[in-house]
Amino acid sequence: MSTDLNLAPNMDRPDDVYADLLAAHEGLNKAESDALNARLILILMNHIGRREVLAQALAAARAPVGD
Amino acid sequence: MNKIFEVPLYPYTRSADQDAAKPAHHRVVIVGAGPVGLAAAIDLAQQGIEALVLDENDKVSFGSRAICFAKRTLEIADRLGCGAPLVDKGVQWNIGKVFFDDRKVYDFNLLPEDGHKRPAFINLQQYYFEDYLVKRAREIEAGGAPLELRGGNKVTDVTDHGDHVELHVDTPDGPYAITADYIIACDGAASPIRSMMGLDFVGRVFEDNFLIADVIMEADFPTERWFWFDPPFNKGQSALLHKQPDGVWRIDLQLGWDIDKAEEKKPENVIPRLKAMLGDDVEFSLEWVSIYTFQCRRMERFRHNRVIFAGDSAHQVSPFGARGANSGLQDTDNLIWKLKLVLEGRAPDALLDSYDAERIHGADENILNSSRSTDFITPKSEISRVFRDAVLDLSEHHAFARPLVNSGRLSMPCTYDGSPLNSADALASGPARTRPGSPCPDVALGNAFLLDSLGGCFTLLTVNADAPDSLTEGGIAVTRLALSTLDDTTGALAARYLGDAPSAVYLIRPDQHVAARFATFDEAAIRAAIRRATGLEMQA
Ligand SMILES: Cc1cc2nc3c(=O)[nH]c(=O)nc-3n(C[C@H](O)[C@H](O)[C@H](O)COP(=O)(O)OP(=O)(O)OC[C@H]3O[C@@H](n4cnc5c(N)ncnc54)[C@H](O)[C@@H]3O)c2cc1C
Numbered sequence: 001m002s003t004d005l006n007l008a009p010n011m012d013r014p015d016d017v018y019a020d021l022l023a024a025h026e027g028l029n030k031a032e033s034d035a036l037n038a039r040l041i042l043i044l045m046n047h048i049g050r051r052e053v054l055a056q057a058l059a060a061a062r063a064p065v066g067d
Numbered sequence: 068m069n070k071i072f073e074v075p076l077y078p079y080t081r082s083a084d085q086d087a088a089k090p091a092h093h094r095v096v097i098v099g100a101g102p103v104g105l106a107a108a109i110d111l112a113q114q115g116i117e118a119l120v121l122d123e124n125d126k127v128s129f130g131s132r133a134i135c136f137a138k139r140t141l142e143i144a145d146r147l148g149c150g151a152p153l154v155d156k157g158v159q160w161n162i163g164k165v166f167f168d169d170r171k172v173y174d175f176n177l178l179p180e181d182g183h184k185r186p187a188f189i190n191l192q193q194y195y196f197e198d199y200l201v202k203r204a205r206e207i208e209a210g211g212a213p214l215e216l217r218g219g220n221k222v223t224d225v226t227d228h229g230d231h232v233e234l235h236v237d238t239p240d241g242p243y244a245i246t247a248d249y250i251i252a253c254d255g256a257a258s259p260i261r262s263m264m265g266l267d268f269v270g271r272v273f274e275d276n277f278l279i280a281d282v283i284m285e286a287d288f289p290t291e292r293w294f295w296f297d298p299p300f301n302k303g304q305s306a307l308l309h310k311q312p313d314g315v316w317r318i319d320l321q322l323g324w325d326i327d328k329a330e331e332k333k334p335e336n337v338i339p340r341l342k343a344m345l346g347d348d349v350e351f352s353l354e355w356v357s358i359y360t361f362q363c364r365r366m367e368r369f370r371h372n373r374v375i376f377a378g379d380s381a382h383q384v385s386p387f388g389a390r391g392a393n394s395g396l397q398d399t400d401n402l403i404w405k406l407k408l409v410l411e412g413r414a415p416d417a418l419l420d421s422y423d424a425e426r427i428h429g430a431d432e433n434i435l436n437s438s439r440s441t442d443f444i445t446p447k448s449e450i451s452r453v454f455r456d457a458v459l460d461l462s463e464h465h466a467f468a469r470p471l472v473n474s475g476r477l478s479m480p481c482t483y484d485g486s487p488l489n490s491a492d493a494l495a496s497g498p499a500r501t502r503p504g505s506p507c508p509d510v511a512l513g514n515a516f517l518l519d520s521l522g523g524c525f526t527l528l529t530v531n532a533d534a535p536d537s538l539t540e541g542g543i544a545v546t547r548l549a550l551s552t553l554d555d556t557t558g559a560l561a562a563r564y565l566g567d568a569p570s571a572v573y574l575i576r577p578d579q580h581v582a583a584r585f586a587t588f589d590e591a592a593i594r595a596a597i598r599r600a601t602g603l604e605m606q607a
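Just so you know, the sequences run in chain order G and D.
For what it's worth, the working numbering labels the leading residue of the first sequence as 1, then goes sequentially.
For what it's worth, the working numbering labels the leading residue of the second sequence as 68, then goes sequentially.
The structure is reproduced here in structure tokens:
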């Protein structure tokens, strides 16, 4: 269902995407990395847009247990 | 020349009540002649109900207080008969700029919606606001309205005897007592009446201090609202610059929690801070300097039988979003018509309980908004600061982040969703903004405006619909205001009151909130809606 958060594998080439994430943090100190993460979260939140989906994402992040 | 806030506007004079053998009786005693008490008194007296205002002081507000008055307040002032001088004196603005660190990150235009008589906001010193209310009170008093304003009258004791209230009042000539049917306690955030009655006032204190300065300067800063997050001249804190009439500028400088207030307030410490902000070459003088700690709190209930709290005595908010005086005016707007109907025996006492329900709803909305603004301006934790700064960084380049920047949200009137006075929405596909409980949005009608045409009584607004010209249910007379979308070329009437419906019939309360709406006139349904809107369905 489209109103639900997708927690099934969905990334194209996961190893590359993960490496991209780490590369984006390359050379940054802790404060700069924290700031990057915060900007990234806000950008992705805006892309998702819908509050119900974001609420599910926040819940999944807070208690990362599957069912 | 004396400034308006230095002139005693209602100096103490001895009243006959002080020589009466037994306490004189009054219908409604209003304690406090701040913006809220004055508005309550004008509203009551204008409708023929005796209003006696007692204030321990005799002047308008002292110090840096409210400056932003929102459209709804101006609309209420129009109904009270003093909207025009407020708007004529006030400064109007639409452009805001947001700065972060050493740069401007974006600007915005409020882009006010067309078809409203009043602007979204004006900036005006609270002392002018009160002065115009006092003038209006004097004007209707001279016209025979039953209004009396007693300065130098300090209320020291209040006892609710069930069917009346007894008040003890201290004056320069000594104490006296009076009785009243009802008291409206508009005695401010520190409300002595609340303490006398042992009532709670709980909420949250924000651990921060703000230096609030009103400075007089001839500078060419534009008429805009400038807000700085973490500026070079106030590192790690925030600042605000906003224009008021008479070349007075409001400056807020966040100071943080661990400061020496007495030290910070000294001119030798204030002036360098202001110079760093305004530039070394700008000449200015200080009108006021204060240091405030802000809080958001409210009483658990605003109505305590015959003692009814309104304004800051009932609820207090941090000033980001300008919701203090603005919401206080909505309190009296909500209360006075109800009190009038109850006093005249035309509505049950239970109607006053709806004041509690509706205005607590309003206070909670204001507290939520003000708390969120304060949390954005003063992040509570390291991570909230990281997100706050990320929002500001992104806002410079990406429009999506700008709605997240929160340096205060415009004060909007509350919609009384779920109010016991609302009838179920019976206008399928009607606009959400005029659903039952909503404040009526204004519409330009040729050279006139809808809100001015509503007056202060129950109105049956028909749009492309037939209905009788008047109707009486119980003691409540309702007058029809007949409009047609053919009379409005702008389309605003249809957009605001019809949506996709071809016709509509609105029952509108004296405070210009929608009580019920239908597609066509249905007499039985309208009569039921009038009974509901006047509290007849509220008795258990
Ligand atoms: C820095 C700052 C900025 C603000 N900015 C805004 C803004 O932009 N917009 C906005 O809407 N609001 C703003 N506010 C809030 C606004 O000032 C208050 O909400 C407003 O003054 C409340 O009005 P009031 O009539 O309820 O109480 P008050 O104005 O406090 O009046 C209470 C009155 O009661 C009298 N009184 C008290 N005790 C007694 C007694 N025992 N007997 C007789 N009389 C008594 C006092 O003398 C006083 O006149 C701001 C406040 C501050 C501090």
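Beta carbons are placed, not taken as given, at the ideal position from N, Cα and C, and that holds for glycine.
Asked: Option nearest R373 of chain D by Cα separation, candidates D:I318, D:E367, D:K156, D:V409; Found: D:V409
Asked: Closer than 7 Å at the beta carbon, the chain D residues around N46 of chain G; Found: F467
Asked: Contacting residues, own chain, Cβ-Cβ under 7 Å from Q159 of chain D (five flanking each side not counted); Found: P186, I189
Asked: Distance cut-off 7 Å: V98 of chain D Cβ against heavy atoms of ligand 1; Found: yes
Asked: Supposed contact pair R39 of chain G and A40 of chain D - C-beta distance, whole angstroms, cut 8 Å; Found: Outside the displayed range of chain D (68 to 607) lies residue 40 of chain D, so it cannot be described from this structure.
Asked: Option nearest E233 of chain D by Cα separation, candidates D:F166, D:Q321, D:K89, D:I358; Found: D:K89
Asked: W160 of chain D, enclosing alpha helix (DSSP H) - first and last residue; Found: First-last for W160 of chain D: undefined, no H or E at that position.
Asked: Residues of the stretch 434-462 of chain D with Cβ closer than 7 Å to any Cβ of chain G, in chain order; Found: V453, F454, D456, A457, V458, D460, L461
Asked: Beta-bridge pairing of P506 of chain D - partner residues as DSSP gives them; Found: D:H580
Asked: 6 Å CB neighbourhood of E215 of chain D in its chain, flanking five on each side removed; Found: L119
Asked: Exposure of D169 of chain D, with buried meaning 16 or more beta-carbon neighbours within 10 Å; Found: exposed
Asked: CB contact below 8 Å: L58 of chain G versus chain D; Found: no
Asked: Short Cβ contact (8 Å threshold) for L147 of chain D with Q113 of chain D; Found: yes
Asked: Span separating the alpha-carbon of L521 of chain D from that of S496 of chain D; Found: 24 Å
Asked: Span of the beta strand (DSSP E), counted from its first residue to its last, around D198 of chain D; Found: Segment 193-209 is the alpha helix (DSSP H) holding D198 of chain D; no beta strand (DSSP E) there.
Asked: Closer than 8 Å to chain D by CB, R39 of chain G; Found: yes
Asked: For T441 of chain D and D20 of chain G, the rounded distance between their alpha carbons; Found: 36 Å
Asked: Proximity test, Cβ basis, 8 Å: D34 of chain G and chain D; Found: yes
Asked: Simplified DSSP state of A493 of chain D, which is helix, strand or coil; Found: strand
Asked: Nearest to L200 of chain D (by Cα), restricted to the options D:K164, D:L141, D:I250; Found: D:L141
Asked: E215 of chain D: CB within 7 Å of a non-hydrogen atom of ligand 1; Found: no
Asked: Buried or exposed (CB count within 10 angstroms, at least 16 for buried), I450 of chain D; Found: exposed
Asked: Interface flag, L42 of chain G vs chain D, CB-CB below 8 Å; Found: yes
Asked: Sufficient close CB pairs (3 or more, under 8 Å) joining the stretch 382-399 of chain D to the stretch 410-418 of chain D; Found: no
Asked: Every unbroken alpha helix (DSSP H) within the stretch 425-506 of chain D, with a cutoff of 4 residues, ordered by chain; Found: 449-464
Asked: Where the beta strand (DSSP E) through A137 of chain D begins and ends; Found: 135-137
Asked: Distance cut-off 7 Å: E233 of chain D Cβ against heavy atoms of ligand 1; Found: no
Asked: Proximity test, Y359 of chain D beta-carbon vs ligand 1 heavy atom, cut-off 7 Å; Found: yes
Asked: G429 of chain D classed as buried or exposed, judged by whether at least 16 other C-beta atoms fall within 10 angstroms; Found: buried
Asked: 7 Å CB neighbourhood of D578 of chain D in its chain, flanking five on each side removed; Found: D400, N401, W404
Asked: Contact test: D379 of chain D Cβ vs ligand 1 heavy atom, cutoff 7 Å; Found: yes
Asked: Distance between G602 of chain D and R594 of chain D (C-alpha atoms, nearest Å); Found: 13 Å
Asked: Whole alpha helix (DSSP H) elements within the stretch 228-266 of chain D, 4-residue minimum; Found: 259-263
Asked: Distance between A106 of chain D and E206 of chain D (C-alpha atoms, nearest Å); Found: 14 Å
Asked: Buried or exposed (CB count within 10 angstroms, at least 16 for buried), Y18 of chain G; Found: exposed
Asked: Proximity to K302 of chain D [Cα-Cα], best of D:T445, D:H228, D:N489; Found: D:T445
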